[in-house]
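Read in order, the letters of the sequence shown correspond to residues 13 to 247 in my numbering.
Before any comments, here is the structure.
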Amino acid sequence: MKITFVATLLLISGMLCSQEKDSLDLLQEILKPINPIKVETPYKPNYPDGIYLNKSEFINKSPGSLVIISPFNKNQHVNYDDDSIPDVCFFYHINTNKLIRNVFAVSYKGHLYFQLKSILKHRNKQDRAQKTDYKQVFTRVVMGGNNYLYTEAELSNLWASNISLFIGGIGNEIAEEIIRWKGIIWDVKKQEFNIFKSCNDYNRFIEPLYPEGFQGCETQQPNLEEVRKAMSVIK
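Next up, the structure:
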């Protein structure tokens with residue numbers, strides 16, 4: 013009887029472990045950028061490696077924790093080598109395998125990542141309608157300079173999401189329009205994030221700084237490739 017009980021526990025444990033692996037792999041796939049930035053040498057800002065627990069530590073370039081971390085969970089099906097640098101990921105404590113939660117940013121092997129929760133917490137007050145279901149996810153800074161640090165993340169509009177819940181057959185079509193990869197900047201001078209939540213919103217930002225970056229807004233969201241080009245000029 014005892015042997016049967018132990019065997020059952022082992023079977024359940026194996027099933028849960030398998031489910032965790034599948035969930036992590038699926039989530040990693042969902043969060044993968046649709047059109048990632050391709051560069052020969054990924055951008056590395058000048059931030060010491062470590063965990064920046066809050067905005068103050070980040071501004072002072074003084075990480076509050078130097079524990080060893082990894083963007084890969086031990087239970088994940090990792091198809092990367094140790095030098096892989098994902099654009100979007102979670103981070104884990106190497107020793108405990110616990111998820112890193114509720115921090116401002118992480119610098120990993122010279123690459124800077126903002127946590128989505130910190131982006132939403134420290135965003136411009138005009139961006140309050142933006143939300144995500146994956147607040148503990150980190151997104152990598154892909155370019156930057158003395159003025160701005162630029163990244164991208166999948167965010168949705170809170171009000172449009174709520175409206176879509178009351179609409180039947182076209183709900184999925186609406187979801188495709190309201191959940192988009194959006195450009196995000198850390199404004200070095202203002203010490204806040206600015207989310208380009210629509211094409212018109214982006215144009216209001218870029219026109220006084222770089223008129224050549226103004227877009228025609230044929231769709232609700234700006235063309236991210238053109239946003240990247242403009243950011244490479246004004247960064």
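All residues carry an ideal CB built from backbone N, CA and C; glycine is no exception.
Test item: CB-CB of residue i and residue j under 8 angstroms
i: residue 148; j: residue 133; result: no
i: residue 106; j: residue 54; result: no
i: residue 83; j: residue 120; result: yes
i: residue 169; j: residue 137; result: no
i: residue 85; j: residue 59; result: no
i: residue 126; j: residue 69; result: no
i: residue 227; j: residue 215; result: yes
i: residue 229; j: residue 212; result: yes
Residue-chain proximity (residue i, chain C), Cβ-Cβ < 8 angstroms
i: residue 70; result: This model lacks chain C altogether; it includes just one protein chain.
Residue(s) in a DSSP beta bridge with residue i
i: residue 192; result: 167
i: residue 81; result: 105
i: residue 206; result: 197
i: residue 63; result: 77, 118
Rounded C-alpha distance that separates residue i from residue j
i: residue 114; j: residue 57; result: 22 angstroms
i: residue 102; j: residue 152; result: 11 angstroms
i: residue 123; j: residue 77; result: 16 angstroms
i: residue 63; j: residue 108; result: 16 angstroms
i: residue 61; j: residue 156; result: 17 angstroms
i: residue 65; j: residue 225; result: 34 angstroms
i: residue 193; j: residue 99; result: 13 angstroms
i: residue 146; j: residue 242; result: 28 angstroms
i: residue 219; j: residue 135; result: 20 angstroms
i: residue 110; j: residue 154; result: 26 angstroms
i: residue 140; j: residue 87; result: 35 angstroms
i: residue 150; j: residue 201; result: 22 angstroms
i: residue 234; j: residue 199; result: 19 angstroms
i: residue 131; j: residue 143; result: 10 angstroms
Distance between beta carbons of residue j and residue i, contact taken as under 8 angstroms
i: residue 197; j: residue 162; result: 5 angstroms
i: residue 247; j: residue 159; result: 6 angstroms
i: residue 236; j: residue 166; result: No, residue 236 and residue 166 are not in contact; Cβ-Cβ is about 12 angstroms, not under 8 angstroms.
i: residue 239; j: residue 195; result: 5 angstroms
i: residue 118; j: residue 81; result: 7 angstroms
i: residue 71; j: residue 203; result: 6 angstroms
| query | Can you give, in chain order, each stretch of the alpha helix (DSSP H) that sits fully within the stretch 96-174 and has at least 4 residues? | reply | 128-133
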